[in-house]
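Keeping their order, the protein sequence lines are chains W and B.
For what it's worth, numbering that gives the first Met the number 0 labels the leading residue of the first sequence as 0, then goes sequentially.
For what it's worth, numbering that gives the first Met the number 0 labels the leading residue of the second sequence as 0, then goes sequentially.
Below: the structure, in structure tokens.
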Amino acid sequence: MDKESPLDPRGLDINPLETRVSRRKVLIAGTVTAASGALPAMATLANEATAPAEARPVVMSKVTFEVNGQSRSLELDTRTTLLDALREHLRLTGTKKGCDHGQCGACTVIVDGRRINSCLTLAVMNEGAKITTIEGLGTPQNLHPMQAAFVKHDGYQCGYCTPGQICSAVAMLDEVKAGIPSHVTGDLTARTRLSVDEARERMSGNICRCGAYSNIMDAIGDVAGGLA
Amino acid sequence: MKAFSYERARTPAEAAAAVARQSGAKFIAGGTNLLDLMKLDIETPTHLVDVNGVGLDEIAKADGGGLRIGALVRNTDLAADKTVRRDYPVLSRALLSGASGQLRNRATTAGNLLQRTRCPYFYDTDQACNKRLPGSGCSALGGFSRHNAIVGVSDACIATHPSDMAVAMRVLDAVVETVDPQGQTRAIPIADLHRLPGDTPHIEHTLKPGEMITAVTLPKPVGGTQIYRKVRDRASYAFALVSVAAIVQRDGTGRVAMGGVAHKPWRVEAADAAMPQGARAVASALLDGARTTHDNAFKKPLAERTIAAVLVEAGRTA
């Protein structure tokens with residue numbers, strides 16, 4: 000069973016979460032200092048507004064889930080999102096952090112058969128879950144059909160949103176197969192059929208800054224056997 | 000994000016008791032709104048009680064021919080449920096118009112009801128917001144307010160409730176079932192779940208500390224043509240500027256509720272009564288006493304036009 004290493008191979012603690020917290024503390028300290036120097040009356044306000052209310056001890060919690068068919072056990076700060084657990088603790092950096100607020104879809108992974116934003120779920124909330132990331136869909140030698148279609152149709156430019164787009168598209172086709180309707184479905188009681196409008200609506204949770212949308216649609220259409 | 004302790008509850012009563020036990024504790028279900036806010040230090044729970052393992056994830060027939068929706072039923076499953084699609088299509092439509100496929104796969108029925116406003120000043124911790132920091136003022140009143148509320152507002156807050164689902168549930172006369180930390184259950188008509196901002200916009204609903212939503216029940220189907228029309232800045236994956244949930248019967252009578260205009264799903268008896276008289280009368284009743292800002296004054300005519308579009312569509316499909 001895998002156990003996360005707190006150290007990277009160079010022997011340096013590179014937990015980015017801790018790095019971020021300390022940088023923030025430096026910024027807060029700077030703000031308060033600047034305010035104190037310039038405006039004594041405002042210093043109290045700034046201090047009250049920005050000083051950490053109380054130091055809370057870090058709480059660690061254990062979680063075990065399956066990632067790409069492999070059981071992984073981690074002991075994590077409870078604050079760790081599934082996204083950060085995958086990237087920073089399991090070193091599966093295929094899943095990308097875009098907005099970190101569920102707005103862009105770059106972090107999309109498939110959990111228990113469903114696409115979700117891995118940035119908006121805590122790792123510890125996924126005990127026993129089966130997680131598939133872009134690394135688990137296919138390999139460079141044996142691409143998943145959706146990965147192959149993205150390559151064939153040039154469904155990307157910079158590629159940052161691509162793992163999320165592909166995981167989302169794979170699970171989206173399963174949702175259509177399962178008969179889940181969408182906002183643009185005409186008749187709620189009829190069988191769901193994939194069209195260009197349906198695919199666009201269903202993929203709206205994945206933003207592509209480069210605007211590769213038309214090629215992404217071509218790739219999805221290819222795998223789906225054509226879009227009506 | 001502030002550190003917090005974490006536990007998994009096995010039953011709803013156990014979850015309610017766990018939240019009541021520790022000050023600053025919160026339930027977490029889908030987490031799609033709570034974690035977003037925790038990352039911004041807008042929500043800073045000391046303890047999270049994970050309710051994903053308590054069950055409450057089924058949709059079943061209710062007494063009197065209605066439907067009982069478990070609090071943990073995901074938005075995707077509720078929207079796709081065959082009975083909901085056939086008998087309560089306005090609810091399916093509302094759910095499908097909200098968020099993204101990924102978010103709907105996690106977001107729950109109860110969490111959707113209790114989600115917090117997307118007012119930009121609530122989200123910006125450098126700005127005054129009576130909802131986030133009571134007594135600090137309301138930056139939205141004189142700020143960028145085109146998304147904000149126009150009815151039921153106060154000098155303290157003009158935030159909207161962002162849910163689409165809740166607007167459909169309001170027009171369907173849903174009832175919210177809860178369990179409290181003592182194990183007592185009660186039923187709250189959805190009209191009484193959310194509060195208007197008044198002087199205390201930080202108190203958004205009528206649940207007691209630790210009280211947990213266990214289900215939402217819908218009365219037996221009322222038929223009619225059911226429509227949810229959402230107007231937004233882009234065609235998908237955006238919050239409503241205004242939305243209209245309507246159930247129109249063949250004789251022109253019906254019910255109507257609006258989203259995007261108030262601190263809660265907005266329904267007015269007089270507006271239901273005005274349905275046969277047309278959109279102007281309905282809008283006038285719904286928006287009676289409206290108080291707009293420079294930025295969101297457009298919502299009044301937009302509301303009337305959206306209601307008109309809904310009534311025309313209902314007439315066409317009846």
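Cβ atoms here follow ideal geometry from the backbone N, Cα and C, with glycine treated the same way.
Per the coordinates, the alpha-carbon of W/Cys118 lies some 21 Å from the alpha-carbon of W/Cys157.
DSSP assignment within the stretch 225-304 of chain B yields the following whole alpha helix (DSSP H) runs of 4 residues or more, N-terminal first: 268-272 and 278-285.
Taking 9 Å as the cut-off, the beta carbon of B/Val260 is found closer than this to the beta carbon of B/Ile149. Straight-line measurement puts the Cα of W/Gln140 at about 46 Å from the Cα of B/Pro161. In the DSSP annotation of this structure, the continuous segment of the alpha helix (DSSP H) that includes B/Leu95 starts and ends at Pro88 to Leu95. When the Cα atoms are used, B/Ser153 and W/Ser181 turn out to be separated by approximately 36 Å. Every beta strand (DSSP E) of 3 residues or more that sits fully in the stretch 103-190 of chain W is shown, in chain order, as 107-110, 113-116 and 129-131. Taking each of B/Asn147, B/Leu285 and B/Arg249 in turn and checking the Cα distance to B/Thr292, the smallest one comes out for B/Asn147. Here DSSP, grouped into helix, strand and coil, assigns B/Arg85 to helix. Among the bridge pairs identified by DSSP, W/Gln69 is matched with W/Val66. Interface flag for B/Ser96 against chain W is set, since a Cβ pair is found closer than 9 Å. Annotated as proximal: W/Ala148 and W/Ile219, with beta-carbon spacing under 9 Å.
Non-local beta-carbon contacts of W/Leu82 in its own chain, meaning distances under 7 Å to residues more than five positions away in sequence, involve Thr94, Lys96, Cys106, Ser117 and Cys118 in chain order. For B/Ala173, the secondary structure class from DSSP, reduced to helix, strand or coil, is coil. In the DSSP assignment, W/Cys98 forms no beta bridge with any residue. Comparing C-alpha distances from B/Gly64 to each of B/Ala273, B/Ala302, B/Val241 and B/Val221 shows the shortest one belongs to B/Val221.
B/Lys60: not part of any alpha helix (DSSP H); member of the beta strand (DSSP E) spanning Ile58 to Lys60, first to last residue.
Counting along the chain, B/Pro200 sits inside no alpha helix (DSSP H), nor does DSSP assign it H or E at all. In the three-state scheme derived from DSSP, where H, G and I count as helix and E and B as strand, B/Thr316 is classed as helix.
Of B/Ile189, B/Ala245, B/Pro119 and B/Arg67, the smallest CA-CA separation from B/Ala313 is found for B/Ala245. Per DSSP, the beta-bridge partners of W/Glu74 are W/Lys61.
The beta-carbon distance between B/Tyr120 and B/Gly142, rounded to whole angstroms, is 6 Å. This is short enough to meet the 8 Å contact definition.
Beta-bridge pairing by DSSP links B/Arg73 to B/Thr107.
Non-local C-beta neighbours of B/Ala278 in its own chain, meaning closer than 7 Å and more than five positions away in sequence, comprise Glu303, Ile306, Ala307 and Leu310, ordered along the chain. Scanning its chain for C-beta atoms nearer than 6 Å, with the 5 sequence neighbours on each side dropped, one finds around B/Gly209 the residues Ala15, Val18, Ala19 and Pro180, in chain order. Under the 9 Å criterion on CB atoms, W/Glu87 is classed as non-interfacial with respect to chain B. With respect to chain W, the C-beta atom of B/Ser91 has a partner C-beta closer than 9 Å. Sixteen is the threshold: when 16 or more other Cβ atoms of the shown chains lie within 10 Å of the Cβ of B/Ile58, as they do, the residue is buried. The shortest C-alpha to C-alpha distance from W/Thr92 to any of W/Thr161, W/Met202 and W/Lys176 is the one to W/Thr161. In the structure shown, B/Ser4 falls within a strand segment according to DSSP collapsed to helix, strand and coil. The criterion of a C-beta distance shorter than 9 Å is not satisfied by B/Leu112 and W/Gly101. The beta carbon of B/Thr10 sits closer than 6 Å to the beta carbons of Val53 from its chain, once the five residues preceding and following it are set aside; these are given in chain order. The C-beta distance from B/Val170 to B/Ala289 rounds to 20 Å, too long to fall under 8 Å, and the pair is not in contact. Under DSSP, B/Ala214 forms a beta bridge with B/Gly69 and B/Glu176.
The Cβ of B/Lys25 sits no closer than 9 Å to any Cβ of chain W.
Pairing W/Val66 with B/Ala2 gives a Cβ-Cβ distance that is not under 9 Å.
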